[in-house]
Amino acid sequence: MKNRQRPFPITAETPDGVTKTLFLADWSRVLNVPYNTLHERMKQGLSDDEILNTRDRRKAKAITVTVDGRELTLSEWSKIAGVPRQTIVTRLRRGKTGRAAIYGA
30 MKNRQRPFPI TAETPDGVTK TLFLADWSRV LNVPYNTLHE RMKQGLSDDE ILNTRDRRKA
90 KAITVTVDGR ELTLSEWSKI AGVPRQTIVT RLRRGKTGRA AIYGA
């Protein structure tokens, strides 16, 4: 349905796996997505699933490194190790992997 002009409920699964029927304002709070973002998606004529899609596109494209079985993004490792993200990127480009890329040596 395109260009919906009034509030309408959407039935979908919440992040905790419960199926609910909620209005956009309620989904905004449940998903922690700005109402205007959901409303703009609706105005573009997207499907209900596309309106509520909260997949973090940035993280989906992010480079990850696994150390001791933990797979995290470079930004997450940077915070944990106290090393600038760019330093980790440089180490990876120089062929280091895993622990060496994150902690050096």
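Quick note, the numbering used here runs 29 ahead of the 1-based positions in the sequence shown. For glycine and all other residues, C-beta sits at the position ideal for the given N, C-alpha and C.
First and last residue of the uninterrupted alpha helix (DSSP H) at residue i
i              : result
lysine 108     : 103-110
isoleucine 117 : 114-122
leucine 81     : 77-81
Contact under 8 Å by Cβ, residue i with residue j
i            : j                : result
valine 96    : glycine 124      : no
valine 118   : leucine 101      : no
proline 38   : phenylalanine 52 : yes
arginine 114 : serine 107       : yes
leucine 67   : isoleucine 80    : yes
Identified DSSP bridge partners for residue i
i             : result
glutamine 134 : Correcting the residue type first, residue 134 is alanine in the shown sequence and not glutamine. For alanine 134, which the question treats as bridged, DSSP gives no partner whatsoever.
proline 63    : For proline 63, which the question treats as bridged, DSSP gives no partner whatsoever.
threonine 126 : In DSSP, threonine 126 forms no bridge with anything.
arginine 99   : Val96
Residue i to residue j span [Cα, whole Å]
i             : j             : result
threonine 40  : alanine 129   : 47 Å
isoleucine 92 : glutamate 105 : 11 Å
asparagine 65 : valine 47     : 24 Å
tyrosine 132  : lysine 72     : 47 Å
arginine 110  : arginine 122  : Per the sequence presented here, residue 110 reads as alanine, with arginine not at that position. Their Cα atoms are separated by approximately 18 Å.
glutamate 42  : lysine 49     : 6 Å
serine 57     : asparagine 82 : 11 Å
Host beta strand (DSSP E) of residue i (start-end)
i          : result
proline 29 : Here the chain comprises residues numbered 30 to 134, so residue 29 is not present and cannot be evaluated.
valine 47  : Taken as a continuous stretch (DSSP letters only), valine 47 belongs to no beta strand (DSSP E), as it is neither H nor E.
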